[in-house]
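In case it helps, my numbering puts the sequence shown at residues 50 to 241. Each remark here refers to the structure printed beneath this line.
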Amino acid sequence: MKIAKIRSNIRKYFNRPLRTGAGFTLVEMLVAIGIIAAMSTMFLSDYRGADRRSSLKLEAHKFAGDVRKAQNMAMGSIEYNGSIPSGGWGIYIPNTADDNTYVIFADLNGNEDYDGEPADAIYETVTLTNNIAFSVGMDNSIVFLPPDPRIFINGNDGSGDSVNANITVVLSGAAGSRNIYLNDLGLIDVED
50 MKIAKIRSNI
60 RKYFNRPLRT
70 GAGFTLVEML
80 VAIGIIAAMS
90 TMFLSDYRGA
100 DRRSSLKLEA
110 HKFAGDVRKA
120 QNMAMGSIEY
130 NGSIPSGGWG
140 IYIPNTADDN
150 TYVIFADLNG
160 NEDYDGEPAD
170 AIYETVTLTN
180 NIAFSVGMDN
190 SIVFLPPDPR
200 IFINGNDGSG
210 DSVNANITVV
220 LSGAAGSRNI
230 YLNDLGLIDV
240 ED
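So this is what it looks like as structure tokens:
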């Protein structure tokens with residue numbers, strides 16, 4: 050009995066006539082579609098900018114990680130071709146036309162600066178991606194001399210004065226940059 054009554058109520062609900070004016074008008078539907086289209090356009094236009102900004106941040110952190118890698122190679126006394134490099138391990142950013150590469154090198158001649166091969170051995174060459182380049186204006190070398198490691202920036206360890214490096218990676222064709230700071234104590238900081 051109860052089941053029959055429930056079925057009857059369900060049929061009455063679905064078979065009832067619609068009220069006059071129920072539903073959407075064409076104007077209401079067009080307004081809703083316009084709002085959705087405008088929000089989608091704003092999201093998609095900012096998506097590319099957000100992608101570029103995150104690529105820039107990723108490359109800055111990747112470079113800072115490679116500086117830490119060179120620092121750890123010096124502290125760990127990592128050998129190159131069977132001997133510990135007399136000048137330690139370092140990073141070199143050449144001031145070239147493309148400005149989007151840097152090298153991790155072993156300072157074989159012991160002058161705490163990058164002199165190119167054969168005086169220094171290139172361990173790895175790294176290329177930045179996605180239209181990202183360095184904005185340094187001059188050659189930069191950062192060398193870590195074991196065992197502490199002492200830090201030499203462009204061949205200078207500060208000897209009483211502090212030596213700091215400020216390296217900027219920039220996004221080509223758009224506003225955006227990240228600064229990487231390195232001080233004579235070996236602290237590396239990427240600006241967020």
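Heads up, the beta-carbon is just placed ideally off N, CA and C, and yes, glycines get one too.
- For F63, the enclosing alpha helix (DSSP H) starts and ends at K51 to N64.
- With the rule of 3 Cβ pairs closer than 8 Å, the stretch 143 to 153 does not count as touching the stretch 191 to 203.
- In this structure, V116 lies near L231, with their beta-carbon atoms less than 8 Å apart.
- Boundaries of the alpha helix (DSSP H) harbouring G98: L75 to M124, taken from the DSSP string.
- Burial state of N205 is exposed, judged by a 10 Å Cβ sphere holding fewer than 16 other Cβ atoms.
- Between I142 and N189, the beta carbon gap of about 4 Å places them in contact (Cβ cut-off 8 Å).
- Counting C-beta pairs with one atom in each stretch, the stretch 99 to 111 and the stretch 174 to 181 have three or more that are closer than 8 Å, which means they touch.
- With contacts defined by Cβ atoms closer than 8 Å, G137 and Y163 do not form a contacting pair.
- In the three-state reduction of the DSSP assignment, A170 falls in the strand class.
- Exclusion of the five residues before and after A113 leaves I229, I237 and V239 as the residues of its chain whose Cβ lies within less than 7 Å of its Cβ.
- S184 sits away from V212, with the two beta carbons spaced by 8 Å or more.
- A direct Cα-to-Cα measurement between L75 and I84 gives close to 14 Å.
- V192 sits buried, since 16 or more C-beta atoms from the chains shown fall within 10 Å of its C-beta.
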